[in-house]
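Residue numbers (the numbering used here), protein chains in the order written: chain H, 3 to 17; chain F, 184 to 467.
Every residue, glycine too, gets a C-beta built ideally from N, C-alpha and C.
See structure below.
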Amino acid sequence: RLTAYVGYHTLSLLA
Amino acid sequence: GPEQEAMQVIWGYHKKDRLRLVTSGEAMEMDMVIAFNTEGCCVTDTYMITENIEAFETWDRVDRDLTAKWKQVVDLFDQLEVLDREREGTQGAEDTLFSFIREEVLCEGGNDTLPQNRAKDDVEILHNCARHFQEWYGEDRWRDLRRIEYDLNWKILESELLQRSIEPVFEGEEGAQNRCLLGLLNRVVGFSKKSCPMLPMNPRHIDFVVEAVMKKYGGDRREHEVRHIVHCIEHDVDFLITVDEDLTARFNGKRHELSKHPACCSIKLTLVTPSQLVNRLIAQ
């Protein structure tokens with residue numbers, strides 16, 4: 003399985 | 184836009200366990216603290232972010248759509264796998280890797296703070312606000328270390344802005360700078376309450392407090408991006424997802440430089456936009 007890291011600004015694209 | 188859609192696809196992969204979606208605890212929390220602070224909201228305890236947001240929401244000038252969005256992000260954050268907290272920000276090796284990435288890979292200069300004149304104005308405004316705390320804060324309110332007086336702090340700031348013929352707008356694009364100043368002022372008040380139980384504060388102590396606040400909350404965000412990259416390398420992560428295409432290009436173009444650093448245990452990290460990652464996942 004690949005691992006991908008996400009920070010706040012990218013995560014907030016989901017909200 | 185397309186990157187938002189791509190993030191939805193990535194989230195779907197994560198939910199179906201077809202991708203390990205991770206983040207780092209402290210760095211992520213600091214990102215949130217800074218992002219909310221820029222909008223005037225003071226997160227004092229990262230174990231109670233939602234409560235801190237709700238305390239901010241009780242102030243009637245707050246944009247509820249924005250805070251609803253923040254709460255959603257906090258909820259999403261709770262559904263991510265957090266990389267080993269213990270190892271974060273402790274060793275010296277991390278710091279040398281940090282400087283190496285910043286200077287040799289991303290080729291950034293030493294100074295990444297705000298434009299000097301804006302930072303200077305902010306410092307002066309905050310300093311002047313602090314000089315007048317005793318006119319606004321009674322003894323009881325000053326002793327209350329937990330409560331953040333958004334309305335009162337805004338009035339203090341408003342009065343200083345008017346003195347400088349700056350329109351005290353809070354809402355919208357026009358109010359962005361003032362919201363940011365309120366965020367900084369909340370921090371100045373909090374730190375001052377803790378370090379100076381009796382008002383007024385002497386000007387040298389005000390300088391010390393304002394400087395500490397500016398250092399922690401007044402800079403820009405580029406340093407944080409590098410922190411995230413360091414955590415990815417230390418945890419052997421394949422992809423860092425970002426919408427910053429300039430950062431992506433600069434890092435990927437020079438990431439081979441990483442092999443020159445002794446503390447660098449993994450050089451497989453690639454920076455990708457959400458849509459680039461989706462393309463790779465589909466091609467898998």
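Exposure of C448 (chain F) is indicated by the presence of fewer than 16 other C-beta atoms within 10 angstroms of its C-beta.
The Cβ-Cβ distance between L263 (chain F) and L202 (chain F) does not fall below 8 Å. Taken through DSSP and simplified to helix, strand or coil, Y7 (chain H) comes out as strand.
Within the DSSP secondary-structure output, V265 (chain F) pairs in a beta bridge with F:T206. Here T453 (chain F) is bridged, per DSSP, to F:F422. Around the beta-carbon of Y333 (chain F), 16 or more other beta-carbon atoms lie within 10 Å, marking it buried. Close to E186 (chain F), with beta-carbon spacing below 9 Å, are these residues of chain H in chain order: T12, L15.
Counting C-beta atoms within 10 angstroms of its own C-beta, E408 (chain F) has 16 or more neighbours from the protein chains shown and is therefore classed as buried. Around R203 (chain F), the beta-carbon contacts reaching into chain H at under 8 Å are R3, L4, T5, A6.
The three-state secondary structure of H444 (chain F), taken from DSSP, is coil.
Classified as buried, M215 (chain F) has 16 or more neighbouring CB atoms from the shown chains inside 10 Å of its CB. In the structure shown, R324 (chain F) falls within a helical segment according to DSSP collapsed to helix, strand and coil. Membership of P386 (chain F) in the alpha helix (DSSP H) is indicated by the continuous run 386-400.
Contact between T5 (chain H) and D421 (chain F) holds, with the beta-carbon distance rounding to 5 Å and staying under 8 Å.
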